[in-house]
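I have placed the structure first, in the form of structure tokens, so that the comments after it can refer back to it.
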Amino acid sequence: MGGVGSVCEVTRFYATTPIYYVNDEPHIGHAYTTIVGDAVTRWHRLLGEDVKYLTGTDEHGLKIQQAAAAAGRSPQDFADGIAPRFAETWTSLDIANDDFIRTTEPRHRAAVQELLQRCYDNGDIELDQYRGKYCVRCEAYYADDELLPGDPTDPDAADGLCPIHKLPVVVLEEENYFFRLSRYADRLLDWYEAHPGSIVPEFRGNEAIGFIRAGLRDFSISRTSLDWGIPLPWDERHVAYVWFDALTNYLSAVGFGQPGDGGRDGGVDAWWPADVQLIGKDIIRFHCVYWPAMLLSAGLEPPKRFAVGGWLLVDNEKMSKTTGNVVKPRDLVDTVGVDGLRYYVLADTAYGNDGDFTTEGLVGRYNSDLANNLGNLMSRVATVVGSKCGGVGPAPNPDSPLAAAADGAVAGATAGWAGIAPSRALEATWGLIRATNAYLETNEPWKAEPGPGVDDVLGDAVEALRIVAILASPALPTTAQQIWERLGLDGAVTDQRIPADVAWAAVSGPADRPITKAPPLFPRIT
Ligand code: MSP
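Following this line, the structure appears as structure tokens:
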């Protein structure tokens with residue numbers, strides 16, 4: 001989306017993660033989506049776009065109220081303890097989010113009340129009596145045919161089990177306001193038909209369309225039985241249902257509902273609709289069905305794209321507090337470093353599919369792709385430039401056989417990141433690394449006498465590494481900068497621009513620069 005009215009039009013790119021419940025400590029299941037969003041937005045910054053990357057925490061609702069009570073604390077106090085843990089975890093993983101929203105902030109309360117009021121004024125919210133089976137962990141009602149069979153002999157589990165958590169549901173009966181989702185089926189189907197490709201990967205899109213075609217039930221958007229939430233502006237006896245509250249965060253962060261809908265950077269007009277909303281497969285229904293209907297009701301556009309990820313599994317189970325199989329990012333960072341963990345989650349699983357987390361997989365990827373391929377390339381280039389080229393980078397050959405490999409890597413990475421397919425983007429990038437290693441092995445410059453032949457080969461290799469540093473920087477921000485500096489290049493790798501700065505031999509590169517020999521980027525793990 002281009003900025004309106006500015007002399008120099010800058011493309012804006014607004015990306016979001018789900019906001020994480022504060023009843024749980026951050027684990028690598030949460031980190032997974034956040035790292036994907038970080039890498040994608042880092043790529044868009046390389047494209048020169050004006051990027052806003054949002055993440056945050058979901059702090060209202062029954063689940064949090066119960067977790068706080070169990071800890072003997074007030075919900076606000078409890079949330080104040082956990083929210084910073086998420087923020088710190090993201091900092092420790094080099095997540096460059098531009099904003100961190102908490103649903104207990106005043107800006108969010110204003111946005112939720114504005115959205116509720118707009119839907120209410122449009123006649124899409126009505127009062128009704130409701131009795132239903134509720135999973136507190138999902139914060140969702142389930143129909144009987146969606147539940148797993150319970151245990152008729154156990155009064156606590158007789159009503160059935162939640163299909164996701166496999167825990168007993170509770171029967172709730174209350175007066176609720178309902179959002180008339182059933183009115184939106186055709187409008188949603190029309191919208192998705194008019195916007196093909198707005199859910200990636202495609203098979204996840206089909207799942208969402210399937211939900212809509214199967215028929216939409218109105219959903220309750222308020223509770224009287226709980227007070228840990230945002231009151232409805234027209235009826236303060238009710239607080240907003242946590243999902244209505246949570247989904248609105250994506251608008252709160254761009255100034256919706258605040259005076260002038262402004263914000264210093266253009267507000268809703270400039271940033272909405274979001275360019276990509278990353279979500280996990282368990283929250284498709286809320287995001288791809290409820291959320292666009294809420295937006296349409298309020299006269300706003302649905303987001304341009306949803307990117308739906310699978311789960312990180314441990315022994316075929318979703319990693320979660322409920323299952324008790326969580327892996328903390330810190331434990332893995334101690335083994336493979338921040339970039340090692342980032343690379344693993346980005347490269348190992350095609351986004352959209354479930355990924356199987358194993359320590360062997362993590363270490364295997366690290367050793368093969370990082371230590372043996374990228375790390376080894378940096379080491380041998382620096383060593384041979386040191387021993388055969390006087391420690392100074394030779395010039396690249398404009399007609400080098402590696403030029404085509406570099407162009408292919410740029411094209412593949414561009415397509416991969418654009419399609420929210422990090423594993424494909426990195427596969428393309430590693431294609432250039434492998435081609436460069438193969439080129440060195442074919443030419444064996446370490447065996448040759450110093451001279452123009454060796455210089456030609458190493459000039460190509462340092463140029464390839466320069467391009468690799470830029471292409472790999474969304475995944476490996478620290479390592480990319482280290483490569484940049486070892487190649488004697490000035491400034492920050494993140495200040496480079498694609499495509500201009502990844503064109504072969506087109507900009508000033510490591511030629512005539514001192515190349516630094518240093519310890520391995522990725523020491524092998526045995
Ligand atoms: N608070 C809601 C989202 C509201 S968004 C308006 C929520 N929170 S959550 O903390 O339970 O999960 C947030 C996201 O993390 C979901 O997309 C979920 O799929 C993702 N993950 C949590 N555990 C995960 C794995 N083990 N693997 C991959 N992602 C998982 O739902």
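The sequence shown: position 298 = 298 (the numbering used here), numbered continuously. All C-beta atoms in this analysis are idealised placements derived from N, C-alpha and C, irrespective of residue type, glycine included.
With fewer than 16 other CB atoms across the displayed protein chains lying within 10 angstroms of its CB, S368 is exposed. Not one heavy atom of the ligand MSP lies closer than 7 Å to the C-beta of K388. Its Cα nearest to that of E317, the residue D356 stands out among D356, Y290, L300.
F179 is not a Cβ neighbour of M319, given a cutoff of 8 Å. In this structure S423 touches A347 by the C-beta definition: roughly 5 Å separates them, less than 8 Å. Linking T224 to I230 through their CA atoms gives a straight-line distance of about 11 Å. C-alpha of P396 to C-alpha of H108: approximately 53 Å in a straight line. In this model, E441 and P519 are separated by some 21 Å (Cα to Cα). G309 has its Cβ nearer than 7 Å to a heavy atom of the ligand MSP.
Residue environment for V170: exposed (fewer than 16 other C-beta atoms within 10 angstroms of its C-beta). Residue side-chain check: H165 keeps its Cβ at 7 Å or more from all non-hydrogen atoms of the ligand MSP. With the rule of 3 Cβ pairs closer than 8 Å, the segment 66-86 does not count as touching the segment 35-53.
With a threshold of 7 Å, the Cβ atom of G324 does not count as near the ligand MSP, since no heavy atom of the ligand is closer than that. Distances taken from the Cβ of P18 to the heavy atoms of the ligand MSP include one shorter than 7 Å. Here I283 has P18 as same chain residues with Cβ atoms under 7 Å from its own Cβ, once five neighbours each way along the sequence are excluded. When the five nearest sequence neighbours on each side are left out, the beta carbons in the same chain lying within less than 6 Å of the beta carbon of P450 are those of K388, in order along the chain. The distance from the Cβ of L521 to that of M378 is about 5 Å, consistent with a contact at the 8 Å cut-off. Between T429 and A480, the C-beta spacing is not below 8 Å.
Inter-residue distance for P329 and V242 is about 27 Å (C-alpha atoms, whole angstroms). Residue nearest to F256 within the set V268, D245, A246, A461 is V268 (criterion: CA-CA distance). 8 Å or more divides the Cβ of L362 from the Cβ of V338.
For the options R237, A157, D190, the alpha carbon positioned closest to that of N176 is the one of R237. Going by beta carbons, T33 and G280 fall inside the 8 Å limit. One Cα belongs to N325, the other to D354, and the distance between them is close to 16 Å. Taking 7 Å as the cut-off, the C-beta of S252 does not count as close to any heavy atom of the ligand MSP. With respect to the C-alpha of Q113, the residue from T323, R342, V239, I467 having the closest C-alpha is V239. The way I'd put it, the segment 495-508 does touch the segment 396-416; three or more beta-carbon pairs between them come closer than 8 Å. For D282, the shortest separation between its Cβ and any heavy atom of the ligand MSP lies below 7 Å.
One thing to note: G160 has its Cβ within 8 Å of the Cβ of P149.
Note on geometry: alpha-carbon atoms of P510 and F13 lie some 31 Å from one another.
For I284, the three-state secondary structure derived from DSSP is helix. Looking at the DSSP output, I125 bridges to F179. CA-to-CA, the gap between E146 and E207 works out to about 15 Å. The beta carbon of H30 sits closer than 7 Å to those of Y20, all from its chain and outside the five residues before and after it, given in chain order. The continuous alpha helix (DSSP H) containing R380 extends over residues 376-388. The Cβ atoms of R342 and L93 lie closer than 8 Å to each other.
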